[in-house]
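Peer 1:
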Amino acid sequence: MKALMLEDKNMWREMKVQETEKPSPGPGEVLIRIKAAGLNPVDYKTATHGNPAWNYPHILGVDAAGIVEDTGEGAVEFKQGDRVFFHGNFMKNGGFAEYAVTTAHSLARIPDELSFEEAAALPCAGMTAYQALFRKMNLQQGEMVLIHGGAGGVGGFAIQLAKQIGATILTTCSPENEEYVKSLGADHVIFYKTEDVHARVMELTDEVGVDAVLDTVSRENATESLKSIGFNGRIAFIAGNPDYSAVKPFSQALSFHEIALGAAHFSNSVKALKDLATMNEELAQLVIEGKITAMISETISLEEVPAGLIKLSERHVKGKIVAVL
1 MKALMLEDKN MWREMKVQET EKPSPGPGEV LIRIKAAGLN PVDYKTATHG
51 NPAWNYPHIL GVDAAGIVED TGEGAVEFKQ GDRVFFHGNF MKNGGFAEYA
101 VTTAHSLARI PDELSFEEAA ALPCAGMTAY QALFRKMNLQ QGEMVLIHGG
151 AGGVGGFAIQ LAKQIGATIL TTCSPENEEY VKSLGADHVI FYKTEDVHAR
201 VMELTDEVGV DAVLDTVSRE NATESLKSIG FNGRIAFIAG NPDYSAVKPF
251 SQALSFHEIA LGAAHFSNSV KALKDLATMN EELAQLVIEG KITAMISETI
301 SLEEVPAGLI KLSERHVKGK IVAVL
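Count the sequence shown with the UniProt record's numbering and you get residues 1 to 325, in order.
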């Protein structure tokens, strides 16, 4: 098969499409003919430092969609020809290839009304936002949420999902992305480069603070956000935990929620893997009902994936980039 090959750690910019051996599904696994693969920051971030579990050359790509080609022993839920999509185990070879293998438990079905490209755009960013807002922080109608990085993949899905339940949404972005995040459902936009984010949050909340924060930026940004959260509020973070000592005991009574979506694959929990499929299928349903969009800003070829990852690393991407095979 053809695959985009990572020759060694930190060589993701130099990846080339090469011929390599087609994988075979083991027990409980499914072989998928890939039709589309979503690009995510986790792809270049893991590739930068590499992983001891990888054998080089390695194949990146945690999000993909395609058609079932073959099934391993015990993978009875799927049959050849089924349209499916998944968030894969980044410890193993991924979806930037003509074929990929994943566990049957984590595999979701693609509704007839959804394209392969739309399905491939959903898993990593969509499920991260979904899990953060609903599974962890239990965001409710009428609450106020601060979503950092609203123009990105996770931020964009979070804005749309929060809007669906009737939350008031504050988001940070650059001025050129203001209209875009408003089109997704943001109520208030804060320009993080030129405005004092905390001061604006307190102004917009009558000095009370928001009910919830989703931080997609950094440990430092998550820590800085703590002072913008109201009493009994909560924060979910995907790019590093905040410094918990920044909050005095018996003051804000905050709750903290780490989001580590990919860790489900090495949790030894079938329940966790099945929940990946459940969340993906719920996101797909929201798309076909017209309640959210997959936010695809660009479709590219497999050969163009390195250039797409460079754009992601420079934070120059609105929404999602999807490679079409």
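From the three backbone atoms N, C-alpha and C, an ideal C-beta is built for every residue, glycine too. Note that the structure is a prediction, hence the values are computed from the model and not measured.
Could you check where the beta strand (DSSP E) with ARG83 kicks off and where it finishes?
Peer 2: 83-87
Peer 1: According to DSSP, is THR293 part of a helix, a strand, or is it coil?
Peer 2: coil
Peer 1: Taking only three categories from DSSP, how would you classify ALA260?
Peer 2: Here ALA260 sits in coil by DSSP.
Peer 1: What does the Cβ neighbour count give for SER269, buried or exposed, with the cut at 16 atoms within 10 Å?
Peer 2: exposed
Peer 1: With H, G and I counted as helix, E and B as strand and the rest as coil, what does DSSP make of ASP43?
Peer 2: Of the three classes helix, strand and coil, the one that applies to ASP43 here is helix, per DSSP.
Peer 1: Decide if ARG231 is buried, meaning its Cβ has at least 16 other Cβ atoms within 10 Å, or exposed.
Peer 2: A quick correction: the sequence has Phe, not Arg, at residue 231. The residue is exposed, with fewer than 16 neighbouring Cβ atoms inside 10 Å.
Peer 1: Could you pull out every residue in the same chain whose Cβ sits closer than 6 Å to the Cβ of ALA246, ignoring the five residues on either side in sequence?
Peer 2: THR223 and LEU226
Peer 1: Quick one: grab the DSSP three-state call for ASN221.
Peer 2: helix
Peer 1: Once the 5 residues before and after LEU276 are set aside, which same chain residues still bring their CB inside 7 Å of it?
Peer 2: HIS87, SER106, MET127 and ALA264
Peer 1: Is ALA36 closer than 8 Å to VAL322 when the C-beta atoms are compared?
Peer 2: yes
Peer 1: Just to confirm the assignment, what range does the beta strand (DSSP E) spanning VAL189 have?
Peer 2: 188-191
Peer 1: Less than 7 Å between C-beta atoms, sequence neighbours within five positions excluded: which residues of the same chain meet that for LEU261?
Peer 2: HIS87, CYS124, MET127, THR128 and GLN131
Peer 1: When the Cα of ASN241 is compared with those of PHE250, THR194, SER255 and LYS271, which residue comes out closest?
Peer 2: Among PHE250, THR194, SER255 and LYS271, the Cα nearest to that of ASN241 is on SER255.
Peer 1: Would you please state the rounded distance, in angstroms, between the beta carbons of LYS163 and GLY185? I believe it to be under 8 Å.
Peer 2: 3 Å
Peer 1: Could you say if the region 152-159 and the region 309-324 meet the contact criterion of at least three C-beta pairs nearer than 8 Å?
Peer 2: yes
Peer 1: With DSSP collapsed to three states, give me the class of ILE32.
Peer 2: strand
Peer 1: Let me know if GLY233 comes out buried or exposed under the rule of 16 or more other beta-carbons within 10 Å of its beta-carbon.
Peer 2: buried
Peer 1: Determine the closest residue to residue 390 out of THR299, GLY26, LYS318 and ALA272, with distance taken between C-alpha atoms.
Peer 2: A query on residue 390 cannot be resolved here, the shown segment of the chain reaching from 1 to 325 and no further.
Peer 1: Taking the continuous beta strand (DSSP E) assigned at residue 331, which residues delimit it?
Peer 2: Because the chain spans 1 through 325 in this model, residue 331 falls outside it and cannot be assessed.
Peer 1: Quick check: what's the CA-CA separation for ALA236 versus ARG135?
Peer 2: 11 Å
Peer 1: If we call anything under 8 Å between Cβ atoms a contact, is ARG83 one with ILE59?
Peer 2: For ARG83 and ILE59, no; Cβs fall outside 8 Å.
Peer 1: What three-state label does DSSP hand ILE235 in the structure shown?
Peer 2: ILE235: strand per DSSP, three-state reduction.
Peer 1: Using alpha carbons as the reference points, say which of GLU281, ASN55 and ALA97 lies closest to ALA64.
Peer 2: ALA97
Peer 1: By the DSSP assignment, the beta strand (DSSP E) with ILE169 in it spans what residues?
Peer 2: 168-173
Peer 1: So, are the CB atoms of PHE250 and MET91 less than 8 Å apart?
Peer 2: no
Peer 1: Please classify GLY126: does DSSP put it in a helix, a strand, or coil?
Peer 2: helix
Peer 1: Quick check on ALA53: does DSSP put it in helix, strand or coil?
Peer 2: coil
Peer 1: Does the region 68-79 touch the region 49-58, meaning 3 or more C-beta pairs lie closer than 8 Å?
Peer 2: A contact is defined here as three or more CB-CB pairs under 8 Å, and the region 49-58 fails this definition with respect to the region 68-79.
Peer 1: Nearest-angstrom Cα distance between LEU204 and GLY290?
Peer 2: 30 Å
Peer 1: Please work out which residues of its chain come closer than 7 Å, Cβ to Cβ, to LYS22, disregarding the five sequence neighbours upstream and downstream, and give them in chain order.
Peer 2: MET1 and TYR99
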